[in-house]
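Numbering (our numbering), first residue to last: 16 to 359. Even for Gly, the Cβ is constructed at its ideal location relative to N, Cα and C. Beneath this line is the structure, given in structure tokens, with notes to follow.
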């Protein structure tokens with residue numbers, strides 16, 4: 016019994032469907048991510064003379080929060096007007112230092128630190144508009160945040176070298192075989208749709224002043240497709256129920272890790288849901304009767320219809336509803352356990 020479970024887990028998290036396509040999209044995506052990470056580090060070096068933020072130290076070996084925002088991280092105040100960061104206010108510029116006293120040294124202030132002396136000439140000369148903070152060519156209309164492309168760009172931005180290495184390993188172990196099953200074009204479409212949907216869901220429920228970046232939304236979408244693959248291949252897999260439990264347990268462990276500060280479980284949930292909704296259409300089915308064929312077609316249609324409906328609802332909720340993160344305040348506990356200031 017125990018050996019059978021070990022054998023199931025040794026197979027990894029890979030689809031069982033026939034793998035007959037070359038891997039192209041995964042390598043292209045990783046090259047794009049590495050190129051953008053290199054740009055982040057170079058921008059950090061140009062603005063602060065440091066490739067990696069040292070004060071406070073970025074444990075992911077990457078640039079500062081401000082650099083990540085200007086590189087394309089999901090940051091709702093740059094995407095729509097918010098009460099927490101109005102576009103009409105002034106904010107701390109990149110790499111600003113303020114003297115402690117006339118004879119003392121300097122200390123650094125960061126983006127979300129309060130501007131405590133608005134009348135001070137030092138503060139006025141070192142403050143920036145929200146448009147300056149967001150960067151990325153600014154807003155179409157001044158004082159009107161409208162960078163909706165930030166639902167897409169976070170998939171290619173990483174907090175640092177460690178973050179990129181983790182996601183590269185996730186691609187190696189979780190997504191390569193899925194591309195071999197569904198072909199590079201379908202994989203790219205699935206990857207982008209899951210990533211955008213995950214960011215759309217995260218933008219509605221996560222704290223609006225917490226930037227989010229990384230391709231984990233898309234990776235969770237691939238995990239959702241892996242669950243669908245087990246169901247599609249149920250008749251052809253030895254002990255399919257155990258494989259279903261295995262994939263579910265791995266997804267559950269990932270969500271437990273998502274309770275750590277700085278990780279957005281809402282985005283991961285969105286990516287997983289997108290994978291479950293789009294998986295039946297993207298994966299090759301193996302119906303053995305006309306009835307099964309019609310059932311699969313109905314499931315595919317329902318999945319696509321639900322995906323479109325939820326996308327429209329979340330889009331309208333983000334742009335027409337209350338401030339991001341206020342839709343369900345207690346839901347924040349899903350993404351971070353509020354124990355002893357753990358999430359502060």
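| Query | Result |
| --- | --- |
| Under 9 Å between C-beta atoms of residue 74 and residue 175 | yes |
| Nearest-angstrom Cβ-Cβ length linking residue 281 and residue 216, presumed shorter than 8 Å | 6 Å |
| C-alpha gap between residue 112 and residue 210, whole angstroms | Caution applies to residue 112, whose pLDDT of 49 falls short of 50 and renders its modelled position unreliable; the value that the coordinates give is listed next. Their Cα atoms are separated by approximately 37 Å. |
| Residue from 37, 62, 98 with nearest C-alpha to residue 83 | 62 |
| Simplified DSSP assignment, three categories, for residue 152 | coil |
| Minimum Cβ-Cβ distance from residue 180 to chain B less than 9 Å | Chain labels in this structure do not include chain B; a single protein chain is all it has. |
| Residue 143, enclosing beta strand (DSSP E) - first and last residue | 142-144 |
| Residue 171 in three-state terms, based on DSSP | helix |
| Helix, strand or coil at residue 275 [DSSP, three-state] | coil |
| Outcome for residue 382 when other beta-carbon atoms lying within 10 angstroms are tallied against a minimum of 16 | Shown here, the chain extends from 16 to 359; a query on residue 382 therefore has no answer. |
| Residue from 333, 194, 71, 214 whose Cα sits closest to the Cα of residue 241 | 194 |
| Three-state class that DSSP yields for residue 341 in the structure shown | coil |
| Nonlocal neighbours in the same chain, by C-beta distance under 7 Å from residue 294, ignoring five residues either side | 239, 240, 243 |
| Inter-residue spacing [alpha-carbon to alpha-carbon] between residue 213 and residue 306 | 33 Å |
| Touching by the beta-carbon criterion (3+ pairs, under 8 Å), the region 142-150 and the region 88-106 | yes |
| Backbone CA spacing between residue 343 and residue 38 [nearest angstrom] | 40 Å |
| CA-to-CA distance, residue 316 to residue 85, given in whole angstroms | 39 Å |
| The region 22-31 in contact with the region 251-258 per 3-pair CB rule at 8 Å | yes |
| Buried or exposed by the 16-neighbour rule on C-beta atoms within 10 Å, applied to residue 51 | buried |
| Residues sharing a beta bridge with residue 300, DSSP | BP columns for residue 300 are empty, so no partner. |
| Buried versus exposed call for residue 285 [16 or more other C-beta atoms within 10 Å across all chains shown] | buried |
| Extent of the continuous alpha helix (DSSP H) to which residue 25 belongs | 17-25 |
| Residues bridged to residue 95 (per DSSP) | Residue 95 pairs with nothing; no bridge assigned. |
| Cβ-Cβ distance between residue 196 and residue 303 below 9 Å | no |
| Residue 105 - DSSP class collapsed to helix/strand/coil | strand |
| Rounded straight-line distance, which links the Cα of residue 99 to that of residue 246 | 45 Å |
| Contact under 9 Å by Cβ, residue 221 with residue 350 | yes |
| Backbone CA spacing between residue 72 and residue 165 [nearest angstrom] | 25 Å |
| Under 9 Å between C-beta atoms of residue 234 and residue 288 | no |
| Sequence-distant residues of its chain with Cβ nearer than 8 Å to residue 296 (five each side left out) | 315, 318, 319 |
| Candidates 18, 163, 183, 33: closest to residue 301 by CA position | 33 |
| Span separating the alpha-carbon of residue 7 from that of residue 334 | Outside the displayed span of the chain (16 to 359) sits residue 7, for which this structure offers no information. |
| Distance between residue 108 and residue 41 (C-alpha atoms, nearest Å) | 36 Å |
| For residue 40, three-class secondary structure by DSSP | helix |
| Per-residue burial, residue 122 [other beta carbons within 10 Å of its own, 16 or more giving buried] | With a pLDDT of 48 at residue 122, under the threshold of 50, the modelled position of this residue cannot be trusted, and the question is left open. |
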